[in-house]
Amino acid sequence: MFINNAGLSLELHYIDGDPEGMLTAEVFNWTGHVLKTPRIQISEALNRPEAKYTGVYLLLGESDGETCGYIGEGENIAERIKSHDNTKDWWTDAILITSTANNLNKAHIKYLESRLVEEANFAGRIPLQNGNQPKKPSLSESSKSNMETFLQYIF
338 MFINNAGLSL ELHYIDGDPE GMLTAEVFNW TGHVLKTPRI QISEALNRPE
388 AKYTGVYLLL GESDGETCGY IGEGENIAER IKSHDNTKDW WTDAILITST
438 ANNLNKAHIK YLESRLVEEA NFAGRIPLQN GNQPKKPSLS ESSKSNMETF
488 LQYIF
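Here this note's numbering is used: the first residue of the sequence shown is 338, the next is one more, and so on.
Structure representation (structure tokens):
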């Protein structure tokens with residue numbers, strides 16, 4: 338578990354000034370970058386540079402009156418979400434998680450996706466629309482450690 342007794346500083350930027358609209362989030366000294374957008378702004382969000390980065394994403398919404406989610410990964414998140422925009426009608430919000438330097442590779446994001454699905458299922462707060470538990474790729478000890486640290490900032 339990630340514990341920082343000195344605290345953390347979270348920078349939220351409301352892109353259009355609306356707290357219900359698109360926003361970015363970054364933590365000082367973390368290489369990650371989060372973009373959250375309501376579906377009604379998805380076209381604008383997917384035109385942003387970070388949406389074309391390698392990363393993981395979450396789709397959140399309701400299906401049959403129940404809150405649910407989907408966790409995915411992609412080498413170009415915008416392309417993956419565009420396909421979901423056409424095939425999944427239940428989601429209302431998307432969260433894109435990338436690195437500021439776009440230095441996550443395919444093995445990294447497959448690991449992050451697998452761990453996020455694992456943790457979401459363990460928490461049991463909302464059912465996932467994912468069809469299965471993604472397999473963890475083989476990572477070096479140092480890469481696994483780096484991805485676990487990356488995840489701690491997400492959690």
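We put the CB at the ideal spot given by N, CA and C, even for glycine.
Same chain only: Cβ atoms within 8 Å of residue i, ignoring 5 sequence neighbours per side
i           : result
residue 421 : 396, 407, 409, 428
residue 476 : 444, 445, 448, 484
Which listed residue (the options) has its alpha carbon closest to that of residue i
i           : options            : result
residue 346 : 365, 358, 359      : 365
residue 417 : 444, 481, 432      : 432
residue 370 : 358, 378, 377, 385 : 385
residue 398 : 391, 351, 485, 377 : 377
residue 473 : 491, 492, 461, 443 : 443
residue 480 : 426, 491, 401, 441 : 441
residue 379 : 363, 419, 344, 412 : 419
residue 469 : 478, 475, 457      : 457
Proximal residues to residue i (C-beta, below 6 Å), its chain only, five neighbours per side dropped
i           : result
residue 393 : 410, 434, 446, 449, 450
residue 492 : none
residue 400 : 427
residue 348 : 363
Cβ-based neighbour list, residue i, same chain, cut-off 7 Å, excluding 5 preceding and 5 following
i           : result
residue 415 : 383, 388, 389
residue 482 : none
Contact under 8 Å by Cβ, residue i with residue j
i           : j           : result
residue 405 : residue 471 : no
residue 430 : residue 374 : yes
residue 436 : residue 368 : yes
residue 462 : residue 488 : no
residue 454 : residue 467 : yes
residue 363 : residue 391 : no
residue 358 : residue 351 : yes
Starting from the N-terminal side, write out each stretch of the beta strand (DSSP E) that is 3 residues or longer and does not extend beyond the stretch 386-411.
Segments of the beta strand (DSSP E) lying fully in the stretch 386-411: 392-400, 403-411.
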